[in-house]
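Each position in the sequence shown, counted from 1, maps to that position plus 278 in the numbering used here. Think of the CB as a built atom: it goes at the ideal place given N, C-alpha and C, for glycine as much as any other residue. These numbers were taken from a predicted model, which means no experiment stands behind them. Note sheet for the following structure.
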Amino acid sequence: MHALVYTGTNKVDFREEKDPNPKPGEVLIKVKASGICGSDMHAYHGNDERRIPPLILGHEVSGTSLDGKYKNKEVVINPLISCEKCNYCKNEREHLCPKRTMIGMSTPIKREGGLAELVSAPEKNIFEVPKDLSIKEAALAEPAAVALHAVLLAEKNLKKPLSECKILIQGAGAIGLLCGLILNTEKNSKNIVMSDPNKKRLVECSKYLSANFVSPDDKAIKENNFDLILESVGLEVTRLQAIKSIVPGGTIVHIGLTQPSGTFDFKKLTIQEITLVGTYCYTNKDFQNTLDILTKKKLGDLGWIEYRELKKGSEAFNEIHNGTCIAPKIILIP
Ligand SMILES: [Zn+2]
Ligand SMILES: [Zn+2]
């Protein structure tokens, strides 16, 4: 098969690779659409110790199952593989399973990803694509589930309804935009500011999302101003901005992981009783609910997704890397 292989820092090669060899309980999927995630970019930059070259990246995958109970059906993969036995798995928190693995990752065991013509995945991680959802858009289920999980965690940690909150979304990538769309459509939140240094990206998002779009240094991002901040960037500088601009008693949901550590204003966090919430992936239930949201077209027109050929994937990685890519999400088609 052909695959896009991460071979070293800032390098992915489209090349011939061995077909995957499904283990017991796994099925082979002929990939139809596979998204490039921020975490794939993180790996590409050589900053993810969980993704070691050579590795086929990609975990936002839809396609046709070639075996098993979904044989010849259109399916989407939940790439997070959990043990199903531990306390987390038994209590609908599979995403925190200590034995979890992920496709397109090297640790704790190597699993090749979906930026390829074929991928192997456990049958229990496969969902049939509902007939009203296109196979290409189904690849958006994974990042949309990340956003849904983040919004639900925000809701749980707020003192007032999301519809009454003044909200800042830092970052106009797919996760930031999807959080905004879920807030607009599912939670009736309209008082949203979205910030990003990439002006063109903001213009693109403004066609789909109801919000105020600003650069990160805009005066709209005032001190002690937002009830909720969704931090989808994860830089030291964006975290410092988040803690500065959150209201006393407000909630920051931390999603992005560009810089894993750095300085932070723990004094304000403490004396103003700020809630700081980490969020990771999604539960199986979130994934299922996301498919439902996408099937019912609740997030509106998904024209902000750009589809490109897998064989031109190296250019796509390069454009995302150098900031010339306008689309908040690129999905590659083998
Ligand atoms: Zn992802
Ligand atoms: Zn488990």
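| Item | Value |
| --- | --- |
| Helix, strand or coil for residue 551? Go by DSSP, reduced to three states. | coil |
| Mind pulling the alpha helix (DSSP H) runs of 4 or more residues that sit fully within the region 451-511? | 452-464, 477-484 |
| Residue 395: buried (16+ other C-beta within 10 angstroms of its C-beta) or exposed? | buried |
| Taking DSSP as the reference, what is the three-state secondary structure of residue 281? | strand |
| So the candidates are 447, 581, 525; which of them puts its Cα closest to the Cα of residue 510? | 447 |
| Just to confirm, does residue 523 get its C-beta within under 7 Å of one of the non-hydrogen atoms of ligand 3? | The model on display carries ligand 1 and ligand 2 but not ligand 3. |
| Look at the alpha carbon of residue 592 and the alpha carbon of residue 279, and state the distance between them as a whole number of angstroms. | 17 Å |
| With a cut-off of 6 Å, give the chain-ordered residues whose Cβ is closer than this to any heavy atom of ligand 1. | 315, 317, 337, 338, 420, 421 |
| Contact between the region 474-490 and the region 452-461: three or more CB pairs below 8 Å? | yes |
| Against chain B, does residue 389 count as a neighbour if the rule is that its beta carbon must be under 8 Å from one of theirs? | In summary, chain B is missing from the structure at hand, where a single protein chain is found. |
| Could you check if residue 367 belongs to the surroundings of ligand 2, using beta carbon to heavy atom distance under 7 Å? | yes |
| Could you check if residue 334 is buried or exposed, using at least 16 other CB atoms within 10 Å of its CB as the buried criterion? | buried |
| How many angstroms separate the CA atom of residue 550 from the CA atom of residue 503? | 13 Å |
| Whose C-alpha, out of 578, 343, 516, is nearest the C-alpha of residue 311? | 343 |
| How is residue 413 classed by DSSP in three states: helix, strand or coil? | helix |
| Any heavy atom of ligand 2 within a distance shorter than 7 Å of the CB on residue 363? | yes |
| Within a Cβ cutoff of 7 Å, which residues of the same chain sit near residue 428, ignoring the five residues on either side of it in sequence? | 457, 508, 531, 533, 557 |
| Take residue 318 and list the residues in its own chain whose beta-carbon comes closer than 6 Å to its own, dropping the five residues that flank it on each side. | 335 |
| Whole angstroms are fine: how far does the CA of residue 595 sit from the CA of residue 601? | 10 Å |
| Quick one: is residue 516 buried, meaning 16 or more other Cβ sit within 10 Å of its Cβ, or exposed? | buried |
| In whole angstroms, give me the CA-to-CA distance for residue 519 and residue 500. | 9 Å |
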